[in-house]
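Written below as structure tokens is the structure these notes are about.
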Amino acid sequence: MKQFKSKTAVITGGASGIGRAMADRFAAEGMNIVLADIEETALGLAVRQMRTAGANVIGVPTDVSRGDQVEALARASLEAFGGVHILCNNAGVASDGAPSWAQTAHDWQWVINVNLMSVVHGIRAFVPLMIDQNDEGHVVNTASLAGLVAMPMAAPYHATKFGVVAITESLFLEFAMQKTKLGASVLCPAWVKTRILDSARNRPAELRNSNQPKLDSNLKAAYSKRIEQQGLEPAHIAERVFNAVRDGQLYILSHPEFNNAIRWRHENILNERNPTLEGALGGMAEELKR
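According to the numbering used here, the sequence shown is numbered sequentially starting from 18.
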């Protein structure tokens, strides 16, 4: 995608973190911005701040786990700006760390609804209209490094993020097969300074656990430490996203130091070799054993 000025970008999870940074970056190119988020107060603040900075932006409160609300988001985007050229399926959550068998049905359903089904809803609601526009455009799906390598105690998160990677790979090939003017990228960042560890603030009441023990007290502390020490600013990630959209790049990675972990996993598969706990956890192995 080469032309950005006066085109429209829709960004879910857009009120904060990576989503907000992407909105600012696309706005800097003169794009119209549609911010979608479940947190209405944060959404309103983000819209006001961006308008003060000169952006042409609207905010649409949206629960991306619900297909009807994502379809409403598409209608609102068309009504406001007449078209959609970049779709960023960015909203995501993470449940508390626990073995896969101890994650409750509510844990699994919540993470699947937000991380995986929101991407499905976004593709189904927006891609047909983007194709019909017969104009260049791009879909960016936010996955994670957790969509390329697996660690213990986060099975729902990994399952959904691996799914987002696979969906985006299929989408990329489908766009080429159908000879569309659209491109696709999958964002796979490692540590970023966001509020992902505070995801429960937006967990719906009907999917909260009535009684679940804290099964790994060290996990959140270890992740928090890594984010503090190695976390990139969302603006850095947004710049990588913009470059990928401009260049038609499918995979967007953030931390080259994790490339060996990705290579190690794929070599394990090709060599039919079992992974090791130390290899999967890397430098966090000792932290999680304490």
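Just so it is clear, CB atoms sit at the ideal spot from N, CA and C, and this is done for glycine as well.
Check each candidate in G31, A32, R42, M48 and name the one with the smallest Cα separation from K24. As a first step, residue 24 must be located in the sequence shown, where it is residue number 7. Ranking G31, A32, R42, M48 by Cα distance to K24 puts M48 first.
Residue environment, H102, which counts as buried when at least 16 other CB atoms sit within 10 Å: Taking the sequence shown and counting its residues from 1, one reaches residue 102 at position 85. So H102 ends up on the buried side.
Ignoring anything shorter than 3 residues or poking outside the stretch 79-148, list the beta strand (DSSP E) runs there in chain order. Fully enclosed beta strand (DSSP E) runs of 3 or longer: 103-106.
Specify the secondary structure class of A26 as computed by DSSP and reduced to three states. If you number the sequence shown from 1, residue 26 lands on position 9. A26 carries a strand assignment under DSSP once its states are collapsed to helix, strand and coil.
With T148 and T197 assumed to form a contact (beta carbons below 8 Å), what rounded beta-carbon distance in angstroms separates them? Within the sequence shown, numbered from 1, the residue matching residue 148 stands at position 131. Within the sequence shown, numbered from 1, the residue matching residue 197 stands at position 180. Residue identity differs from the one stated: residue 148 is Ile in this sequence, not Thr. Contact holds; Cβ gap of about 5 Å.
If we count Cβ pairs, one from each stretch, closer than 8 Å, do we get three or more for the stretch 176-193 versus the stretch 291-300? With a cut-off of 8 Å, the stretch 291-300 and the stretch 176-193 do not count as touching, because too few Cβ pairs lie within range.
Taking the beta carbon of E153 as the centre, do at least 16 other beta carbons fall within 10 Å, making it buried, or is it exposed? In the sequence shown, counting from the first residue as 1, residue 153 sits at position 136. Buried, by the Cβ-count rule.
Take every Cβ of the stretch 35-55, pair it with every Cβ of the stretch 71-80, and state whether three or more of those distances are shorter than 8 Å. In the pairwise beta carbon analysis, the stretch 35-55 is classified as touching the stretch 71-80: at least three pairs are separated by under 8 Å.
Residue environment, R37, which counts as buried when at least 16 other CB atoms sit within 10 Å: Position 20 of the sequence shown, counted from the first residue, corresponds to residue 37. In summary, R37 is buried, with 16 or more beta-carbon neighbours lying within 10 Å of its beta-carbon over all protein chains present.
Counting C-beta neighbours from all protein chains within 10 Å, is the total for W208 16 or more, i.e. buried, or is it exposed? As a working mapping, residue 208 is identified with position 191 in the sequence shown. With 16 or more neighbouring CB atoms inside 10 Å of its own CB, W208 falls in the buried class.
In terms of residue numbering, what span does the alpha helix (DSSP H) encompassing L224 cover? Position 207 of the sequence shown, counted from the first residue, corresponds to residue 224. Looking at the DSSP string, L224 is not in any alpha helix (DSSP H), and its letter there is neither H nor E.
Closest by C-alpha distance to R257, when choosing among N291, R282, S227, P206: The residue you call residue 257 lines up with position 240 of the sequence shown. Checking every option, the nearest Cα to that of R257 belongs to P206.
Could you have a look at G31 and say whether DSSP puts it in helix, strand or coil? Mapped onto the sequence shown, residue 31 falls at position 14. Under the three-state reduction of DSSP output, G31 falls in the coil class, being neither helix nor strand.
Give the straight-line distance between the Cα atoms of M170 and R92, rounded to the nearest whole angstrom. Mapped onto the sequence shown, residue 170 falls at position 153. Mapped onto the sequence shown, residue 92 falls at position 75. Answer to the nearest angstrom: the Cα atoms are 39 Å apart.
Going by alpha carbons, who is nearest to Q66 out of N130, H283, A40? Counting from 1 along the sequence shown, the entry for residue 66 is found at position 49. If we check each option's Cα against that of Q66, A40 comes out closest.
From the DSSP output, read off the bridge partner residues of N268. Numbered from its first residue, the sequence shown carries residue 268 at position 251. It is worth fixing the name first, because residue 268 is Tyr in this sequence and not Asn. Y268 has V203 as its beta-bridge partners, per DSSP.
Are three or more beta carbon pairs between the stretch 76-96 and the stretch 116-123 nearer than 8 Å? The stretch 76-96, when compared against the stretch 116-123, does not touch it at the 8 Å Cβ threshold.
State the beta-bridge partners of N158 as determined by DSSP. The sequence position of residue 158 within the sequence shown is 141, counting from 1. Note: N158 sits in a beta bridge opposite N106, V203.
How would you write the range of the alpha helix (DSSP H) that N285 sits in, first residue to last? One-based indexing of the sequence shown puts residue 285 at position 268. Membership of N285 in the alpha helix (DSSP H) is indicated by the continuous run 276-287.
Local Cβ density within 10 Å of H155, reported as buried at 16 or more and exposed below that: Reading the sequence shown from its first residue, position 138 is the one you call residue 155. Label assigned to H155: buried.
Per DSSP, cross-strand counterpart(s) of V51: Within the sequence shown, the letter at position 34 stands for residue 51. The bridge partners DSSP lists for V51 are V27, I75.
To the nearest angstrom, how far is the alpha carbon of K242 from that of G34? Here residue 242 is taken as the residue at index 225 of the sequence shown, counted from 1. Here residue 34 is taken as the residue at index 17 of the sequence shown, counted from 1. Distance from the CA atom of K242 to the CA atom of G34, rounded to whole angstroms, is 18 Å.
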